[in-house]
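Below: the structure, in structure tokens.
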Amino acid sequence: MTRRVLVTGAKLLDGTGAPARAGDLLLEDDRIAEVGDTTLKPDEVLDATGFFVAPGFIDVHSHGDFSLPVDPEAAAKVLQGVTTEVVGNCGLGLQPANAKVDAMYGRMLPLIFGETDGDGGRETKCSPTLAHYRSRLAATGIAVNAAPLIPHGNVRCAVMGMAEGAPTETELAAMCELIAQGMDEGAFGLSTGLVYPPGAYAETEELVRLAGAIAPRRGLYATHMRNEGPRLIEAVAEAIAIGERAGVAVQLSHHKAVGQLNWGKVKITLGMVDAAAARGLDVHSDVYPYTAGSTVLSALFVPLWAFEGSLDRLVERLGDPATRARVVRDAQDMQLAFIDLPRWLGFFPKRWLLPAMSFVLGRQIVISSVKRQLRYEGMTIGAIAKERRRPLHEAMLDLLVEEDLGVTAIAHVMSEKDVQAVLVHPRTMVGTDGLPTRAGKPHPRTYGTYPRVLQHYVRELGLLTLEEAVHRMTGMVARKLGMRDRGVLAPGAAADVVVFDPRRIKDHATYADPRRSPDGVAHVFVNGAWTVRDGKHTGARAGTVLSKPPPGP
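Per the numbering used here, the very first residue in the sequence shown carries number 476; after that it's consecutive.
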């Protein structure tokens, strides 16, 4: 039976960046029926006087694919107005999989997303194909839509395990076949995480070849680049080169410059984006509105070679004194690589700077979650090392061994000026990059990204107009992904809608208390289902795993 909901009295932000205008919106089942002047008789009327109505926000960089099987209501996202999450980012995801991938994630997922806690291991269960993952979520229902990417890490592991080195021609062909299958099953593109094994073992030539497998369906190449610090410029150049050589669109994930000595480099890399766009490449960035990042502690303190083979082998290496000493030396060299001394100081031994750098690093990195020693959550790594009376690197390796690698951290290593520069750039979208941990103190971006942009950068600082900000959260993302019926308020479009008050919208999530939902987001519809009503989740699960439409003419 057809059901109509009339949203009346509000101002409409259509997602294109056009000025807000007064008008009504009529939803009919899972579609928008009328915009502006409405003629059809509604079954229910929502008086939205004083509010703004926009397309539901599309989280262009999410890791929600890991959490949706155990948190299908996705309250952290829908309560801030998100109706679609682009999942499978950073080369990580729950599909595709085989026994090798199952083994990798069986070890990896508990250390990133928390223990199974008696839920039957659902979140550690990978799906062999995207089609299987889609069916799996359809069986329980989900509150948001999911737009899946194919994670390169899964593809490489499925064919090569955790081995370093270049693939053979046979292995490359097998990886291309997996990617083509995923695209045929509706994936929106390919993602890479070039700092996380096994994806980090891939060289540029491999990535060009694999990106070529998504070109026939005009897929997106989304990349957590190889370096976001001293070699940021080279990493952006590589990403752009992959897109141009493979003939695919490029998305620079969470574009930023890490480390004070690298602050300001985004002016150069944003210029590179503009230059590539002028040459005809479809290239954009995304950003989260915070000066801290979040990742697993092992990615910060363990060199890539130590991950080779398996995570079990990593634990063994950290327990062997000689191998551990090499890990410490190489980890310190990773740290020192962030220092680019002027040429006239080339004679100066960088290692003399280690104490000072370790002191700074010790204050910048905060433990967000551990498996057992919960008192460490919220402590800086410097404070932990001091308490243990151990050098910083040794203390962190000790902690990784004790916690079976299950440690995540928040790193306060970015510049607010850089964040603003990326955010206001005309080819930047907004994404959360939230790690959906079920315990500890996750990054507040999971709960507060969209309200923070609208509150702080629009209302308080005026860096973007409301129309511009909403466009970067909706229509710009939908167009990038090739979605023809989302991201806009238009007749026939999907009824993904958010009703909010830009004067009251306020982000409450903090680093100390991140699991707090915002004020000012009053109503959210997902595929026409009233999923948030008067700021409260209704329990509706009308979301679906979306499929990329075939390329248009």
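Using N, Cα and C, we set each Cβ at its ideal position, and we do this for glycine too.
What's the call for residue i, buried or exposed, on a 16-neighbour Cβ count within 10 Å?
i: Asp908; result: buried
i: Val520; result: exposed
i: Ala618; result: buried
i: Thr883; result: buried
i: Ile743; result: exposed
i: Met889; result: buried
i: Met476; result: exposed
i: Thr643; result: exposed
i: Asp761; result: buried
i: Arg788; result: exposed
i: Arg961; result: buried
i: Pro1025; result: exposed
i: Glu680; result: exposed
i: Lys1011; result: exposed
i: Gln735; result: exposed
i: Thr667; result: buried
i: Thr645; result: exposed
i: Arg978; result: exposed
i: Pro494; result: exposed
i: Ala648; result: exposed
i: Pro901; result: exposed
i: Glu703; result: buried
i: Gly1014; result: exposed
i: Lys731; result: buried
i: Phe834; result: exposed
i: Gly628; result: buried
i: Val482; result: buried
i: Lys916; result: buried
i: Asp893; result: buried
i: Leu872; result: buried
i: Arg920; result: buried
Going by beta-carbon coordinates alone, are residue i and residue j separated by less than 8 Å?
i: Gly428; j: Leu695; result: Past the edges of the chain, shown from 476 to 1028, lies residue 428, and the structure says nothing about it.
i: Gly1050; j: Tyr671; result: Residue 1050 lies beyond the range of the chain shown here (476 to 1028); nothing can be said about it.
i: Thr491; j: Gly950; result: yes
i: Leu875; j: Leu793; result: yes
i: Arg692; j: Met658; result: yes
i: Ala1017; j: Ala1004; result: yes
i: Leu624; j: Ala662; result: yes
i: Asp976; j: Phe526; result: yes
i: Ser1038; j: His918; result: Outside the shown range of the chain, which is 476 to 1028, sits residue 1038, and nothing can be said about it.
i: Ile717; j: Leu669; result: no
i: Leu685; j: Ile715; result: no
i: Gly531; j: Val973; result: yes
i: Ser602; j: Val562; result: no
i: Leu500; j: Leu941; result: no
i: Glu852; j: Ile842; result: yes
i: Asp522; j: Thr559; result: no
i: Leu487; j: Val545; result: no
i: Val905; j: Met948; result: yes
i: Gln810; j: Leu836; result: yes
i: Ala870; j: Gln839; result: no
i: Pro571; j: Val630; result: yes
Pull up the DSSP beta-bridge partners for residue i, would you.
i: Thr985; result: DSSP output for Thr985 lists no bridge partner at all.
i: Lys1011; result: Arg1008
i: Pro517; result: According to DSSP, which records beta bridges pairwise, Pro517 is partnered with nothing at all.
i: Val762; result: Val905
i: Gly637; result: In the sequence on display, residue 637 carries Met and not Gly. Beta-bridge pairing links Met637 to Gly784.
i: Pro626; result: Ser666
i: Ser769; result: Ile885
i: Asp522; result: Thr483
i: Asp757; result: Answer by DSSP bridge pairing: none, since Asp757 is not bridged.
i: Pro544; result: None, per the DSSP bridge assignment.
i: Val933; result: Looking at the DSSP assignment, Val933 forms no beta bridge with any residue, so it has no partner.
i: Ala461; result: Because the chain here runs from 476 to 1028, residue 461 falls outside it and cannot be looked at.
i: Thr559; result: Ile533, Asn620
What alpha helix (DSSP H) runs, 4 residues minimum, are completely inside the segment 481 to 515? none
Go through the segment 850 to 917 residue by residue and report every complete run of the alpha helix (DSSP H) that reaches 4 residues or more, in order. 856 to 863, 867 to 877, 891 to 899
Runs of alpha helix (DSSP H) lying entirely within the segment 645 to 728, each at least 4 residues, in chain order: 679 to 687, 707 to 721
Counting pairs of Cβ atoms below 8 Å between the segment 746 to 757 and the segment 766 to 779, do you hit three or more? no
Would you call the segment 995 to 1009 and the segment 957 to 966 in contact, with 3 or more CB pairs under 8 Å? no
Kindly provide the ranges of any beta strand (DSSP E) runs that are 3 or more residues long and lie completely inside the segment 943 to 1004, ordered along the chain. Complete beta strand (DSSP E) runs here, min 3: 972 to 975, 996 to 1001.
Check whether the segment 547 to 563 and the segment 634 to 648 touch, using three or more Cβ-Cβ pairs below 8 Å as the test. no
Does the segment 497 to 509 come into contact with the segment 917 to 930, if we say contact requires no fewer than three beta-carbon pairs (one atom in each stretch) closer than 8 Å? no
Cβ contact check for the segment 935 to 942 and the segment 798 to 815: 3 or more pairs under 8 Å: no
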